[in-house]
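**Student:** Quick mapping for you: the protein sequence lines, in order, are chains A and B.
This note's numbering applies: residue 4 is where the first sequence begins, and numbers increase by one.
This note's numbering applies: residue 18 is where the second sequence begins, and numbers increase by one.
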Amino acid sequence: MTEPLPGTANPPWWALLPSAEARVSCGEETHALRWDQGALTALDHPDAEEELVLAALGGDRPACVGLIESWGRRGDDLQVLAVGPRSAADEVSIPAADGPAWSGGPGRGWLASAPAGAGPFGWPRASLLARRTRVRSRGPMASMGMSAGARAVFGRPMLRARGGRIRGGADRAAGRREELFSLLALGPEFQMRLSATVAGAWGDGGSRAGERDRARPALTAALAGRLVPAARAWLGIDPARVHVSLYEDAGWGRLAFSGDRLDAALPVGWLASVWAPGLAVIAGHLVVAVTEAAWPGATVLAVPGPGADPVVLKVRAVDGGWIRAEGAR
Amino acid sequence: MTSAQDRAETYLRLRAEAELRRVQALPRPDPPAPPGLPEPLRDAARVILPFGRRAAAALQPLAESAGRALQPLAEDAEEALRPLARNALDAVAPFAQNVARSLEPLTGQVIGTVLPAAEEAARRLHPLAWQAAGRLQSLQWSGERRLQLWRWQVRRATGSFYGTSDDPGAGPGDLSADEGLGRFRLVARSLIEAGAIDAGAAESAVEDLAIALAARSRIGAHMAAMSGLADEPMRVSAGPPHGTYLAVPVGTLIPASPESGLANVRVYALVIGPDRAILTASGRMAAENLRSMHLDPWPLFGQGHGPTAVDDRGNSYQIHQDTGWNDEESWGGILRLVPVPPAGTGWLDLTISPGSAPVRLDVAGASRPDDAAQSGPDAASGADAASGPAERMIDAAATELLHLAVGNGHALRWHDLSGIADVVAALEAIGALEPARAAVGRLITLAGRLGVDVPPALAAAAPPVPVELPDAWNDVMANSQLRDGPRGVTPAAAVLPELDSARFALAGLRSDEGGADLHVMAWGSRVVPHYLEDSIQAWSWWARDDRGRWHVAEENSSSASDGHAELTLRLIPALHPEATSLEVAVIGRSGQASATVPLDWRGRDD
């Protein structure tokens with residue numbers, strides 16, 4: 004069994020996630036959404052905050068602004084981790100919107116979108132986009148400049164029936180599903196970033212870290228769902244032999260091997276800082292923590308094999324993946 | 018959240034992860050089709066049906082002759098379908114596609130001949146379908162499960178052609194994504210029922226898995242949309258409406274109107290609850306009015322005025338048919354009184370048809386429940402008093418198996434215990450099985466006696482020492498072949514004490530040589546059956562007649578809405594021919610409620 008190392012001053016969870024951009028239908032036009040350093044912005048709505056206020060008063064809510072709002076609302080929602088991708092190979096492809104089947108009512112759906120531009124890993128370089136907006140979402144309702152009570156998806160009232168009355172649980176559930184699918188439909192890069200946002204909210208120092216007790220089952224499952232495929236890629240181990248728990252003490256965590264069984268305890272922050280950037284398994288090592296990040300380079304703690312202590316690796320992002328930049332020390 | 022609840026939710030969520038991995042290892046299915054008919058058939062139906070309705074009315078005589086020709090087929094359908102089932106999946110799909118392709122260009126030609134006959138065939142087959150549905154429902158087989166078992170049968174049958182019937186992968190444990198989700202929901206419901214997990218947490222886990230599967234196109238979008246709705250009743254456990262519940266025995270045979278499709282009407286009982294008043298009734302079809310069956314709507318009580326009632330205060334009531342069934346010989350159903358008679362009503366005079374003598378119903382002297390009596394875990398029942406909800410749940414699975422064995426032994430061939438085995442494994446994993454281990458032993462002993470396979474997960478949870486079966490279970494099996502039941506009907510009206518936020522009222526019993534059908538009215542959200550999925554039984558029913566013969570009961574048919582259900586229970590084996598009273602008990606999560614009714618036979622309806 005490897006022993007926990009002393010805790011390290013980790014960089015922000017988004018440090019190894021480069022910016023990403025998606026284009027979405029917004030009214031009659033196609034607009035851009037940009038994720039950068041943990042925040043999502045609507046590039047074509049410089050007065051988005053005012054638009055949100057107007058929407059709260061009954062005006063139209065542009066789709067872009069609705070997505071920003073949804074992103075903020077779901078930025079600490081554990082359902083994102085329950086539904087979102089478990090690995091880069093796990094294709095979460097939202098079928099074309101067909102309204103009633105998903106939402107339980109006609110006329111609903113989400114707007115297809117796709118990443119735009121190209122850069123490392125297929126996402127656009129931040130330098131390509133210069134416009135900023137005042138409406139940003141870094142996490143759960145953060146920087147929204149609006150009340151949490153205002154709700155919208157794609158500019159349409161979500162919880163109100165045609166007659167304006169609040170409808171029951173089925174509609175609320177349908178609205179939640181629709182909202183989540185609208186965010187997942189932004190594409191794999193945004194799926195990873197949204198997952199990382201949620202994990203960051205529940206990780207140490209996150210806005211929901213103090214409530215982990217009641218969320219431990221969902222967090223444990225979220226961790227297991229992503230660590231098990233990584234362990235399989237690392238060791239070829241049978242998923243049924245991997246037992247995962249949430250690590251909440253100081254240090255990176257714990258890996259214990261007993262026969263053909265692996266007991267793994269990692270902090271929920273691992274999902275945000277290691278798994279989401281695609282760093283889980285590098286050069287035959289299981290990465291357990293990021294100690295330094297300077298995109299496109301990083302220094303990580305990684306376990307080379309069963310029973311071994313973690314070693315320090317320098318890694319570098321190249322052509323949509325990560326490679327070992329230099330040997331372990 | 019308690020550590021036990023935490024453990025249960027963690028188990029459930031990790032199981033969801035394992036299920037998602039399992040499903041993703043399955044071959045990717047074709048894109049999900051919309052619910053309902055396959056698209057080619059739907060297109061054909063869209064074209065044909067408007068013409069077909071008109072054609073059906075014009076070609077009624079042809080339809081009737083076609084119906085007569087099809088009648089022998091209908092009578093033998095159940096027997097005929099059983100062997101057909103083996104090849105049905107392979108055979109039906111290409112046939113359906115060919116039919117659709119063929120029908121489209123031939124629409125104009127076929128509507129004159131095919132549709133009337135088809136409509137008549139459907140009409141004739143309708144009672145049979147209800148009976149079949151009732152039987153299947155009594156087996157607690159969901160649509161998914163039926164399909165699963167059917168597929169299993171097909172695999173076995175086709176395997177025998179190719180010499181691969183011993184393929185270990187061709188068993189009912191080989192679940193599709195839909196079936197796996199159903200199984201997951203079953204386990205989640207069971208953990209709620211056992212009190213091991215908060216309903217909201219379990220519902221959330223089910224919904225999350227459903228959405229995760231749908232987002233990977235592993236199940237249809239509608240399945241994800243349904244997941245939350247299906248679970249709503251278990252989260253919101255609404256009790257019965259507050260107020261007075263009465264059950265009035267009637268048992269009177271009343272001649273029907275000459276215009277009616279019935280020769281007479283037997284009213285079994287009147288049940289009055291705070292929100293509804295119901296008469297249970299049956300009738301013999303009038304031979305001279307058989308043609309009326311083809312009218313839509315069917316004039317059950319003639320074309321004029323329907324049944325009415327007045328009370329001792331001069332209030333008038335209308336009576337409407339609520340639900341019902343019929344075959345060539347008889348009709349049975351539920352009649353609703355509108356409005357509900359107010360508290361303090363002394364009697365009601367019921368008039369089935371204009372001019373017929375009214376029948377007086379003694380409301381003031383009706384049976385009222387004694388909520389303080391006959392309720393609790395120590396009251397007499399068929400099974401040993403269960404010590405907790407998990408034990409009751411497993412005993413309910415055994416009761417279902419027992420009912421199957423006694424009532425329809427050949428169904429045992431297709432009955433598998435993998436669902437309850439999964440539930441037992443889940444309870445074991447979260448440390449909640451110990452109080453129910455004896456029930457696992459009883460189930461294993463019973464399965465062994467009946468020759469039903471015991472899944473390894475169930476066998477692994479067996480107590481170290483074999484468990485004997487309760488006397489009542491042995492008694493039911495010992496009498497399973499008896500055909501000495503009295504033929505007749507009896508009012509059998511009684512309101513049971515409230516149990517687990519549910520209220521049941523007995524509302525008439527009809528006995529035959531092999532068993533008896535007992536009408537039951539029920540209130541409360543937990544009485545609503547879950548038709549569309551695997552589900553654990555929330556209630557077990559037992560009865561014992563005053564000659565000491567035990568009877569196990571299962572739902573034979575039911576309808577439900579708005580936290581209210583109307584059930585028909587099939588009691589087997591036969592009532593003792595000399596029995597004069599019957600104690601009926603329903604066993605729930607926290608204990609049981611019972612009532613004793615006289616067996617006051619009022620003659621035969623057939």
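By construction, the Cβ of each residue, glycine as well, lies at the ideal position given by its N, Cα and C atoms.
1. Quick one: what's got a C-beta closer than 6 Å to residue 509 of chain B's C-beta in the same chain, skipping five residues either side?
2. Measure the alpha-carbon distance for residue 237 of chain A versus residue 229 of chain A and round it to whole angstroms.
3. Around the C-beta of residue 356 of chain B, are 16 or more other C-beta atoms found within 10 angstroms, so that it is buried, or is it exposed?
4. Between which two residues does the alpha helix (DSSP H) carrying residue 45 of chain A extend?
5. Taking only three categories from DSSP, how would you classify residue 237 of chain A?
6. Below 8 Å on the Cβ atoms is my guess for residue 47 of chain A versus residue 34 of chain A; work out the distance and round it to an integer in Å.
7. Could you check whether the Cβ of residue 209 of chain B sits closer than 8 Å to any Cβ belonging to chain A?
8. Any Cβ of chain B within less than 8 Å of the Cβ of residue 182 of chain A?
9. So, is the C-beta of residue 96 of chain A closer than 8 Å to a C-beta in chain B?
10. Can you give me the Cβ contacts of residue 624 of chain B inside the same chain, cut-off strictly under 6 Å, excluding the 5 residues immediately before and after it?
11. Can you tell me the Cα-Cα spacing of residue 297 of chain B and residue 21 of chain B, whole angstroms?
12. Residue 215 of chain A touches chain B at which residues, Cβ-Cβ below 9 Å?
13. Could you tell me whether any Cβ in chain B is nearer than 8 Å to the Cβ of residue 230 of chain A?
14. Cβ closer than 7 Å: which chain B residues qualify as neighbours of residue 187 of chain A?
15. Using only alpha-carbon positions, find the residue among A:81, A:90, A:239 and A:311 that is nearest to residue 1 of chain A.
16. How many whole angstroms separate the CB atoms of residue 476 of chain B and residue 461 of chain B, which I take to be in contact at a CB cut-off of 8 Å?
17. Should residue 283 of chain A be flagged as near chain B, meaning a C-beta pair shorter than 8 Å?
18. So is residue 170 of chain B buried or exposed if we call it buried at 16+ other beta carbons inside 10 Å?
19. Kindly list, in the order they appear in chain A, the residues whose Cβ is closer than 7 Å to that of residue 38 of chain B.
20. Using a threshold of 8 Å, state whether the C-beta atoms of residue 453 of chain B and residue 444 of chain B are closer than that.
21. Considering residue 491 of chain B, what are the terminal residues of the alpha helix (DSSP H) in which it resides?
22. Given this structure, state the Cα-to-Cα distance separating residue 216 of chain B from residue 296 of chain A, to the nearest angstrom.
23. Does the stretch 197-209 of chain A touch the stretch 262-280 of chain A, meaning 3 or more C-beta pairs lie closer than 8 Å?
24. Check the Cβ of residue 227 of chain A against every Cβ in chain B and list those closer than 8 Å, keeping chain order.
25. For a contact defined as C-beta to C-beta under 8 Å, what are the partners of residue 228 of chain B on chain A?
26. Is residue 212 of chain A near the ligand HEM, judged by its Cβ being under 7 Å from some heavy atom?
27. In chain A, what lies closer than 8 Å to residue 27 of chain B by C-beta?
28. Can you find a C-beta in chain A that's less than 8 Å from the C-beta of residue 224 of chain B?
29. According to DSSP, residue 338 of chain B sits in a beta bridge with which residue or residues?
30. Residues in its own chain within less than 8 Å of residue 218 of chain A by CB, not counting five upstream and five downstream?
31. For residue 27 of chain B, report the span of its alpha helix (DSSP H) as first-last.
32. Strictly under 8 Å for the Cβ-Cβ distance: is residue 146 of chain A near chain B by that measure?
33. Report the partner residues of residue 520 of chain B according to the DSSP bridge assignment.
34. Based on the DSSP secondary-structure assignment, which residues constitute the bridge partners of residue 615 of chain B?
35. How far does the beta strand (DSSP E) with residue 364 of chain B in it reach, from first residue to last?
36. What is the residue span of the beta strand (DSSP E) that residue 379 of chain B lies within?
**Tutor:** Once the coordinates are examined:
1. 523, 525, 526 and 614
2. 13 Å
3. exposed
4. Element bounds for residue 45 of chain A: not the alpha helix (DSSP H) but the beta strand (DSSP E), 42-45.
5. helix
6. 4 Å
7. no
8. no
9. Closer than 8 Å to some Cβ of chain B, the Cβ of residue 96 of chain A qualifies, so yes.
10. The shown model of chain B, from 18 to 623, leaves out residue 624 of chain B, and the question about it has no answer.
11. 46 Å
12. Neighbours of residue 215 of chain A on chain B: none; closest Cβ ~12 Å, over 9 Å.
13. no
14. 232
15. This structure cannot settle anything about residue 1 of chain A, because the visible part of chain A is limited to 4 through 332.
16. 7 Å
17. no
18. Bear in mind that the predicted position of residue 170 of chain B carries a pLDDT of just 48, short of 50, making it too unreliable to give a figure here.
19. 242
20. Going by C-beta atoms, residue 453 of chain B is nearer than 8 Å to residue 444 of chain B.
21. Residues 488-495.
22. Rounded to the nearest angstrom, the two C-alpha atoms are 43 Å apart.
23. yes
24. Residues of chain B passing the Cβ test: 31 and 34.
25. 82, 85, 86, 180 and 183
26. The ligand content of the structure shown is nil, which means the ligand HEM is not present either.
27. 219, 220, 223 and 224
28. Judged by the 8 Å Cβ criterion, residue 224 of chain B is in contact with chain A.
29. B:352
30. 81, 205 and 211
31. 20-41
32. Unreliable placement is indicated for residue 146 of chain A, whose pLDDT of 30 sits below 50; no coordinate value is reported for it.
33. B:540
34. Residue 615 of chain B pairs with B:598.
35. 364-368
36. 376-379
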